[in-house]
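**Student:**
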Amino acid sequence: MKLSAILTLLLAALLFLDSTQPAAGQTPGTPTNAVALATNLTAAAQTPKDPTLEQRLADLEAYVGNGARVMSGDTNVTSKVSGPGPGHNGFQMICAALVLFMTLPGLALFYGGLVRRKNILSVMAQCLGIAGLVTILWWLCGYSIAFHASTGNGFWGTLDWKFLNGVDSNPNTDYGAWVSHNVYSMYQLMFAIITPALIIGAIAERMKFKAIILFVTLWMFVVYFPLAHMVWGVDGLMNGVWNPTASIKAIDFAGGTVVHMSSGWSALILCLILGKRLGFGKEPMQPHSMVMCMIGTGMLWVGWYGFNAGSAVAADVIAANAFTTTTLATAVGSFVWAMAEWATRGKPSVLGFCSGAVAGLVVITPACGFVDSNGAVIIGIAAGLVPYFACWKLKAMMGYDDALDTFGVHAVGGTMGALLTGFLVTDKVNGNLSFIKDAASANAATKNGLAKLVADHMQWVEQLKAIGLTLVMAIVGTVVIAYVVKALVGLRPTADVETAGLDLAEHGEEGYHSQG
Amino acid sequence: MKKIEAIIKPFKLEDVKEALGQVGIQGMTVSEVKGFGRQKGHSEIYRGSEYTVDFVPKIKLEIVLEDAALEGAIAAIAKAAKTGKIGDGKIFVVNVEAAVRIRTDEKGEEAV
């Protein structure tokens, strides 16, 4: 009796919180308020029944543990907490803002510091331009293609959510039981923004703004939206964790394939088609501000907590694990990269610490919700060594001008991360991968065979398949788009413009003035 | 009238300024410059890219003074700027034909 009294009090307190949570501007017709009003004022007029105390408690327990909603699908009973759960929803909004912070100004400063001073604003304009452009595409139909169910192909969502129609403040339980659907959509938008922004690192200082805008527009439709659908869409063909009929049972917690592999490999292809910067290998092209680069790195690291922990779509146990593994891998990656520099080239550099941190973040991204602390440290060590050698030896050997090492860090790191996730995954940190014997309550991973692969340590095979498909999409897509853009508007500015710097010629501004 | 042009190590500027003040020099012009002599430059490594930076940052002092003050000023600079290591810099002296103080129209040694 005593326990139930306490729980009833708790329930009352939480309901009070929930009823005060919808902000001004929410119309009386929206469900969260409607439920509260209806039960308070016109209970008699309502057809669906009130939930029993037990159902109400079960709903609250589900909220606390980010479980499935107890009364979802039961139209005979009205849930008293049908809207988003304030804690999870608040967490998700903060995470979305953190992911945007990664691009603006994190990535803009990280990349901006690494270019020459005459091109600093071009990098910033590209980051800002992509943020606006991709948001418009997302609203138009990008979100729908990426996250609405497909007609069965698992590749390309239907357009039912075009203009974000029906994407409101109520949760879509396919993606998060307690997070508003519109918050989830905005959260995913931030991923869609940073991914093409990563590409500009490889082609910095030598591509026309017009060509970049056109390239990104086409690239989002050909590469990003379909890849996001395949990996994260409810019926995505590579969505091993949530799609019971996934044909490739891959796991990618926060975007190793979708974000880092796709951008990194596309960046390599685009920089090969584009050609080297004028004077590459002859003129000095040092970073104009390592200070700016370091500030950007710190922002990326902080923002990445939103990226990785937020990918749990709840402030739950999986998010907590992702937060921990992200910290470990990043710190280890940063330290190991600089130590490797010290050992092989004599000095530990600030750019080495920064690059190692970003590499650690990239490699842990697909793994953060699936590996434990030891797995994270192994990933951090690999992240400090392999991309370091890729940026140092591989780049020199092959002779491409990947200006800011998007390929060396994101493609090499992302691909390695996708594979290492397959080797280091453990269901001890993520119950969604556990094998459930009872067929009635079996999760998607049990139904599609993922749980068995994880238990048998064979998941890396599925990861290889996902890597292969991602590579084909990114490489073929980028080759086609790059030549289309080249034919339509041309890729490179004139030699005069490139020599003088893109800031003045393309944007009519200068980042720095000697006076004033 | 003479003009001293001295190239010195940037961190020696305060010492040199003080030493010149002690021998009665009342003004100077200072610029941040880059250049190289026998010291040559250094190399910088940014991930895979290694650059040789030939030009080393230095400070250039310019002092115009009456002939009588020249020897004392040269000695003061040479003493204060010396570390004994390569890259300490050089002192040049040239003749100055005319000088005008803009505010008062004073000319010649009166103006310096």
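Those sequence lines, one after another, are chains X and A.
Note that this note's numbering has the first sequence beginning at 108, numbered continuously upward.
Note that this note's numbering has the second sequence beginning at 9, numbered continuously upward.
C-beta: ideal position from N, C-alpha, C; glycine also.
1) Check each candidate in X:Gly529, X:Ile402 and X:Trp326 and name the one with the smallest Cα separation from X:Trp372.
2) Extract the residue ranges of the alpha helix (DSSP H) inside the region 488-512 of chain X, only unbroken runs of 4 or more that lie entirely within it.
3) Please classify A:Thr60: does DSSP put it in a helix, a strand, or coil?
4) The alpha helix (DSSP H) that contains A:Ile33, what's its start and end?
5) Should X:Val330 be counted as a contact of the ligand MN given a C-beta to heavy atom distance under 7 Å?
6) Which residues of chain A have a Cβ atom closer than 7 Å to the Cβ of X:Cys378, listed in chain order?
7) For chain A, find out if any of its Cβ atoms is closer than 8 Å to the Cβ of X:Leu214; answer yes or no.
8) On the CB-based measure, 16 or more other CB atoms within 10 Å of its CB, does X:His255 come out buried or exposed?
9) X:Phe477: buried (16+ other C-beta within 10 angstroms of its C-beta) or exposed?
10) Indicate the three-state DSSP secondary structure (helix, strand or coil) for X:Leu588 in the structure shown.
11) Alpha carbon to alpha carbon, how far is X:Ala294 from X:Ala335?
12) Is A:Arg55 close to chain X? Criterion is C-beta to C-beta, closer than 8 Å.
13) Mapping the DSSP letters down to three states, classify A:Tyr54 as helix, strand or coil.
14) Chain X partners of A:Glu52, CB-CB under 7 Å?
15) Does the Cβ of A:Phe63 have 16 or more other Cβ atoms within 10 Å, making it buried, or fewer, making it exposed?
16) When the Cα atoms are used, what is the spatial distance from X:Gly524 to X:Leu228?
17) Give me the DSSP bridge partner(s) of X:Leu560.
18) Nearest-angstrom Cα distance between X:Ala594 and X:Lys187?
19) In terms of DSSP beta bridges, what is A:Glu40 paired with?
20) Assuming X:Phe626 is part of the alpha helix (DSSP H), what are its boundary residues?
21) Distance cutoff 8 Å, beta carbons only. Does A:Val61 sit that close to anything in chain X?
22) Under a CB-based cut-off of 8 Å, is X:Ser441 close to chain A?
23) For X:Asn183, count neighbouring Cβ atoms within 10 angstroms of its own Cβ and tell me buried if that reaches 16, exposed if not.
24) Just by C-beta distance, which residues in the region 494-510 of chain X are closer than 7 Å to chain A?
25) Skipping 5 residues on each side, what residues in its chain have a beta carbon closer than 7 Å to that of A:Glu52?
26) Under a Cβ-count criterion, where at least 16 other Cβ atoms within 10 Å of its own Cβ denotes burial, should X:Ile243 be classed as buried or exposed?
27) Exposed or buried, X:Tyr495, counting other C-beta atoms within 10 Å across all chains shown (16 or more means buried)?
28) Does any C-beta atom of chain A lie closer than 8 Å to the C-beta of X:Ser541?
**Tutor:** So, from the listed chains and residues:
1) Ranking X:Gly529, X:Ile402 and X:Trp326 by CA distance to the CA of X:Trp372 puts X:Trp326 first.
2) 502-505
3) strand
4) Premise fails: A:Ile33 is in no alpha helix (DSSP H) and is neither H nor E.
5) Because no ligand of any kind appears in the structure shown, any question about the ligand MN cannot be addressed here.
6) Near X:Cys378 there are no residues of chain A at all, since even the closest Cβ is about 14 Å away, more than 7 Å.
7) no
8) buried
9) So X:Phe477 counts as buried.
10) Note that residue 588 of chain X is Ile in the sequence shown here, rather than Leu. If DSSP states are grouped into helix, strand and coil, X:Ile588 belongs with the helices.
11) This sequence places Tyr at residue 294 of chain X; Ala is not what is there. Approximately 13 Å, taken between the alpha carbons.
12) yes
13) Three-state DSSP puts A:Tyr54 in a strand.
14) Gln393
15) exposed
16) 32 Å
17) Bridge partners of X:Leu560: none, in fact.
18) Whole-angstrom Cα-Cα distance: 58 Å.
19) A:Ile67, per the DSSP bridge assignment.
20) Coverage of chain X is limited to positions 108 through 623, which leaves residue 626 of chain X absent and any answer about it impossible.
21) Chain X, which has a Cβ nearer than 8 Å to the Cβ of A:Val61, makes this yes.
22) Interface annotation, X:Ser441: not in contact with chain A, CB-CB separation never under 8 Å.
23) For X:Asn183, the number of other beta carbons within 10 angstroms of its own is below 16, and it is reported as exposed.
24) Listed by position, the residues of the region 494-510 of chain X near chain A (Cβ gap below 7 Å) are Cys498, Trp499, Lys502 and Ala503.
25) Once the five neighbours on either side are set aside, the close Cβ partners of A:Glu52 are Tyr59 and Val61.
26) exposed
27) X:Tyr495 counts as buried, since at least 16 other C-beta atoms from the protein chains shown sit within 10 angstroms of its C-beta.
28) X:Ser541 does not count as touching chain A.
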